[in-house]
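Step one of this worksheet: look at the structure below.
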Amino acid sequence: MRRIYLDYAATTPTHPEVLKAMLPYFSEAFGNPSSIHSYGQEAKGAIEEARAKVAALIGARNEEIVFTSGGTEADNFALKGVALASENRGNHIITSSIEHHAVLETCKFLEKRGFLVTYLPVDEYGLVEPSDVKKAITDKTTLISVMHASNEIGTIEPITEIGRIAKEAEVYFHTDAVQTVGHIPVDVNELGVDLLSISAHKLCGPKGVGALYIRKGTRLISFMHGGEQERRRRASTENVPGIIGFGTAAELAQQEMSQEAQRLTYLRDQLVKGLLEQIDHIRLNGHSVKRLPNNVNVSVDFVEGESMLLNLDLEGICASTGSACSSSSLEPSHVLLALGVPPEQAHGSLRLTLGKWTNEEDIGRVLEVLPRIVAKLRAMSPLLKSHR
Ligand code: PLP
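Under this note's numbering, the letters of the sequence shown match residues 1095 to 1482, in that order.
If you want it as structure tokens, here you go:
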């Protein structure tokens, strides 16, 4: 059976060009970039080339990119790094209630250590209201962290507006751009951010590598201590093959982004239209326009998201009920609950995320299979019987 992968927000296949670029760094070019000899210098040179490619993708200077082990580490580094470095100025952080767990759990950690965190609400589409950010700022606020786009519902947040507010208030501003970099234009100066998290495996790069953009002059402390790698901001021998792969993925994304975004937006809209036409008691979660080109998230009444997922999998279609990290838990998604989706509807949610190898045939197959699955599940559903 041909498998159809529609879980690109969880992770992407590694691009063959990326893999090809990485391979020599596992074998003949194996040097440690800190070594003075030619093996070391060869690896160091390749890392600096990769850094330039990642920087170019987001309009940053090369020295403002620090490689990390992924998006989670970049988020931890930004939040803990600024919170601890600014402790003498204040202890207040502002974030949103729909952030990824990498931000929310880091905030909880900081709260246990005496920091105060404001979790801003969102509207029914998942949008943060910039004036709420402004109102939440106090003279103790040292950091605002609002994600660029939601990994679950694809809503794109008003980062430029929040950036202006942060700058005016002289508060550092971090955005988790793990779902946007390489997919839609991201420019750190246009967005007005001081810190920005990226993860390579969301843009056809390898897993286990990412970066934190740190605007020149931003005060933050490192939390990895050891050697002097990454200009003393992140100790540990660099993941050379991973970083090279990340650089190649960034370069490819920059070349292909505008065409890909257009193609995926078309496929996304076809999928949404087909689902809304063919299935009753279904609704789109998130914003219809301020939305990632590759994200479809729907709530289907009277069925469980997990049942749809398992039945789709039997037909060779791989999707998700929410974010990959929480899809093994039976708790409804914190993001959908924050939008005001009732828990029973949140339980019936399905996320389909498209990507580089998704085509029209795949969308057609989902539109053929999913309405049939929903009808079958509803026929057995006690939820539907009690509704009638
Ligand atoms: N932030 C967002 C918005 C994400 O979607 C993810 C991954 O799912 C992460 C952070 C974590 O990134 P990583 O898997 O590289 O640690």
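We put the beta carbon where it would ideally sit given N, CA and C, even for glycine.
C-alpha gap between residue i and residue j, whole angstroms
i: E1400; j: I1337; result: 35 Å
i: Q1135; j: Y1307; result: 24 Å
i: L1403; j: H1109; result: 26 Å
i: K1301; j: A1294; result: 6 Å
i: L1113; j: G1339; result: 7 Å
i: H1194; j: T1269; result: 11 Å
i: T1274; j: F1203; result: 26 Å
i: L1471; j: L1406; result: 12 Å
i: I1373; j: P1465; result: 6 Å
i: V1334; j: A1144; result: 10 Å
i: T1106; j: G1341; result: 16 Å
i: S1475; j: Y1102; result: 30 Å
i: I1411; j: Q1353; result: 25 Å
i: E1157; j: D1226; result: 33 Å
i: G1380; j: L1210; result: 29 Å
i: N1388; j: A1271; result: 15 Å
i: A1418; j: A1196; result: For A1418, the predicted model reports a pLDDT of 48, less than 50, meaning its position is unreliable; a value from the coordinates is still stated below. Whole-angstrom Cα-Cα distance: 13 Å.
i: L1370; j: Y1099; result: 21 Å
i: V1160; j: A1473; result: 53 Å
i: L1151; j: G1276; result: 7 Å
i: A1104; j: I1467; result: 23 Å
i: F1171; j: M1318; result: 9 Å
i: N1245; j: L1358; result: 16 Å
i: V1460; j: L1386; result: 19 Å
i: I1278; j: M1351; result: 7 Å
i: P1426; j: E1462; result: 27 Å
i: H1186; j: Y1119; result: 43 Å
i: F1124; j: G1153; result: 30 Å
i: A1243; j: L1289; result: 15 Å
i: P1252; j: N1126; result: 41 Å
i: S1457; j: D1363; result: Checking the sequence, you will find Ile at residue 1457 rather than Ser. Taking the straight line from one Cα to the other gives about 10 Å.
For residue i, the residue or residues it bridges with in DSSP
i: Y1213; result: T1189
i: A1305; result: F1161, I1292
i: T1274; result: Partner(s): none; T1274 has no beta bridge.
i: H1428; result: H1428 is not bridged to any residue.
i: T1235; result: H1186
i: F1267; result: I1238
i: S1414; result: R1445
i: I1250; result: A1243
i: V1394; result: I1376
i: N1389; result: T1447
i: I1152; result: Paired residue(s): none; I1152 is not in a bridge.
i: I1098; result: I1411
Beta-carbon separation (whole angstroms), residue i vs residue j, contact threshold 8 Å
i: F1256; j: P1215; result: Inspection of the sequence shows that residue 1256 is occupied by Ile rather than by Phe. I1256 to P1215, Cβ: 14 Å. No contact.
i: K1384; j: T1249; result: 6 Å
i: G1304; j: T1162; result: 5 Å
i: I1315; j: V1265; result: Actually they are not in contact, since the Cβ atoms of I1315 and V1265 sit about 17 Å apart, beyond 8 Å.
i: L1444; j: V1394; result: 7 Å
i: T1452; j: L1361; result: 6 Å
i: K1174; j: T1212; result: Not a contact, Cβ separation roughly 17 Å.
i: G1434; j: E1218; result: 6 Å
i: D1169; j: S1291; result: 5 Å
i: I1247; j: V1429; result: 6 Å
i: I1259; j: A1432; result: That pair is no contact at about 21 Å.
Residue-chain proximity (residue i, chain B), Cβ-Cβ < 8 Å
i: R1313; result: Absent from the structure is chain B; it holds one protein chain and no more.
Sufficient close CB pairs (3 or more, under 8 Å) joining the segment 1122–1142 to the segment 1274–1291
no
Using 8 Å as the threshold, is the segment 1341–1351 in touch with the segment 1317–1331, meaning 3 or more CB pairs across them?
no
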